Structure formats: C-alpha cells, structure tokens
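Notes follow the structure.
Chains as they are written, first to last, in our numbering: chain A, 2 to 16; chain B, 7 to 226.
Dropping the structure here:
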C-alpha cells in the first residue's frame, strides 16, 4: 500500500 | 437524497494560458483536470452512506478499480444536453475535430456511444448519482478483504435505485435493469481510457500530477 500514499492520505483526512 | 447532496460542485479545466496551443497542451489540461477531479471523487466517496465504514484497504481497492469509470460517467452526464460534444469540464468542451487533434478520437467515439445510450434512456440526476455509486461498489477489485461488507453496501445502493424506479418509473419495470446494463460499456470505455493515458505516461511528453499517476499505476 506504500505505493498509494496520496490516496491513503486523502481517505484518512476527515474532510 | 444523500447522494444528491454529496454530488460535487462544478469543475473547471482552466487551461494554462502560458502553454502553446496543441495536443500537448490539451492533454496536459485533461490530466491536470483528472488529477483535481480524483481528489473530489475521493471526498465524494466518503459521503456515500456506508463507504467510510469499510476498511481503509477496501476503500482504496474500490477507488483504484473504479476511478476512471466514475470520471467518465461524470463527463457523460455533463455531455447529455450537448450534441456530439464531450463536456470534460464546464469550460472545456471537445468536439470530434478537437478530439482528433489530441489523439483522443477513439475515446471520443466510445464516450459518445455511452452518451447516446443515456440520452435514449433520458437518464435523470437521481439515477446518475446512484449509478456512479453502484459503479464504485461493483468495481470487481481482486483485492477486497471483506467481500460481504462491500456486497452489503452495493445491495443498499441497488435497493435505492430499485426504490426510485418503483416510485418514479412504474411505466417501465425494466428501467433499473436497463440502467445497470449500461455498466459493461462503461467498464470497457474506462479500460480504453486507462490504457490510452498509461501509454501517454510512458511516452513522457505530458506532465502528470502525482495522484493521477498513482491511480493510473494502480490500474495496470
């Protein structure tokens, strides 16, 4: 999953 | 009604005025637009009732499989009021000639084929937003951890579609099925689009932002 770090980060953001 | 509220605001392509006109500029504009729309799609997915309850891994897998279908479905819906033109953004409408010049003629034809299907059905906004959410949960990712949870989410969206059709389109009991039967053409069109933009990435002439690259790589 390390390769998909932007998607991961955006999903975790609580916006 | 949740999905109607979750629907993103209008998006603008805003082509860079400092770039010389030509195919590279058009493709740069589209790739930049896709990158920004991906951010919007990720935010949108979180508003689908039940999506955020899935594991983070499954949320990622669904988006990695379905993002191009969702992008294309949005272009298709925006293009419905137009004749033989694709509305990539409010300020970025491409006709056949423009598509040919940018090497996107094949894709233009495929997306227009979809537009015609939905025009014939006179698809409504309620149906379009539900179909988009169904496409996300029906992405056939091979990496789903909790298949049952994804199925449950898909069932609830399917139920919403059937309930809507049962109320609004009693004259056509097959309407929900007709809408769902457009999904194979959407899958096929999205696959073509991913292939095309992946080959553009490999050629390396068009700058692409990180999220778009990340999602493109996840599909190949």
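Using N, Cα and C, we set each Cβ at its ideal position, and we do this for glycine too.
Quantities reported herein were computed from a predicted structural model and do not represent experimental measurements.
Presumed contact (8 Å Cβ cut-off) between residue i and residue j, rounded CB distance
{"i": "residue 38 of chain B", "j": "residue 202 of chain B", "result": "Rounded, the Cβ-Cβ distance is 16 Å, inconsistent with contact."}
{"i": "residue 107 of chain B", "j": "residue 22 of chain B", "result": "The Cβ separation is near 17 Å, so there is no contact."}
{"i": "residue 200 of chain B", "j": "residue 222 of chain B", "result": "7 Å"}
{"i": "residue 143 of chain B", "j": "residue 68 of chain B", "result": "6 Å"}
{"i": "residue 35 of chain B", "j": "residue 98 of chain B", "result": "7 Å"}
{"i": "residue 40 of chain B", "j": "residue 79 of chain B", "result": "Not confirmed; about 13 Å, so no contact."}
{"i": "residue 196 of chain B", "j": "residue 75 of chain B", "result": "4 Å"}
{"i": "residue 94 of chain B", "j": "residue 105 of chain B", "result": "Not quite, the Cβ-Cβ distance comes to about 10 Å (not below 8 Å), so this is no contact."}
Any C-beta of chain A under 9 Å from that of residue i
{"i": "residue 70 of chain B", "result": "yes"}
{"i": "residue 9 of chain B", "result": "no"}
{"i": "residue 214 of chain B", "result": "no"}
{"i": "residue 224 of chain B", "result": "yes"}
{"i": "residue 207 of chain B", "result": "no"}
{"i": "residue 82 of chain B", "result": "no"}
{"i": "residue 217 of chain B", "result": "yes"}
{"i": "residue 138 of chain B", "result": "no"}
{"i": "residue 13 of chain B", "result": "no"}
{"i": "residue 52 of chain B", "result": "yes"}
{"i": "residue 21 of chain B", "result": "no"}
Proximal residues of chain A, C-beta to C-beta of residue i below 9 Å
{"i": "residue 66 of chain B", "result": "2, 5, 8, 9, 12"}
{"i": "residue 221 of chain B", "result": "5, 7, 8"}
{"i": "residue 62 of chain B", "result": "2, 9, 12, 13"}
Per-residue burial, residue i [other beta carbons within 10 Å of its own, 16 or more giving buried]
{"i": "residue 10 of chain B", "result": "exposed"}
{"i": "residue 238 of chain B", "result": "No answer is possible for residue 238 of chain B: the residues shown for chain B start at 7 and end at 226."}
{"i": "residue 208 of chain B", "result": "exposed"}
{"i": "residue 135 of chain B", "result": "buried"}
{"i": "residue 161 of chain B", "result": "exposed"}
{"i": "residue 138 of chain B", "result": "buried"}
{"i": "residue 2 of chain A", "result": "Confidence at residue 2 of chain A is low in this model, with a pLDDT of 48, below 50, so the placement of that residue should be treated as unreliable; the coordinate-derived value is given next. Per the 10 Å Cβ criterion, exposed."}
{"i": "residue 181 of chain B", "result": "buried"}
{"i": "residue 124 of chain B", "result": "buried"}
{"i": "residue 43 of chain B", "result": "buried"}
{"i": "residue 18 of chain B", "result": "exposed"}
{"i": "residue 7 of chain B", "result": "exposed"}
{"i": "residue 25 of chain B", "result": "exposed"}
{"i": "residue 64 of chain B", "result": "buried"}
{"i": "residue 226 of chain B", "result": "exposed"}
{"i": "residue 100 of chain B", "result": "buried"}
{"i": "residue 61 of chain B", "result": "exposed"}
Closer than 8 Å at the beta carbon, the chain A residues around residue i
{"i": "residue 48 of chain B", "result": "8, 11, 12"}
Partner residues on chain A for residue i, Cβ-Cβ distance less than 7 Å
{"i": "residue 45 of chain B", "result": "11"}
Any C-beta of chain B under 9 Å from that of residue i
{"i": "residue 16 of chain A", "result": "Only weak support exists for where residue 16 of chain A lies, its pLDDT of 49 falling under 50; the value from the coordinates is given anyway. Taking Cβ atoms only, chain B reaches closer than 9 Å to residue 16 of chain A, which makes this a yes."}
Residue ranges of each alpha helix (DSSP H) run of no fewer than 4 residues wholly in the segment 77-143 of chain B, ordered along the chain? Taking only runs of at least 4 residues, the alpha helix (DSSP H) segments lying wholly in the segment 77-143 of chain B are 102-107, 111-127, 131-143.
Any alpha helix (DSSP H) of 4 or more consecutive residues that is wholly inside the segment 20-78 of chain B: DSSP runs (the alpha helix (DSSP H)) wholly in the segment 20-78 of chain B: 29-52.
Curious, which full-length alpha helix (DSSP H) runs of at least 4 residues does the segment 180-206 of chain B contain? Complete alpha helix (DSSP H) runs here, min 4: 181-186.
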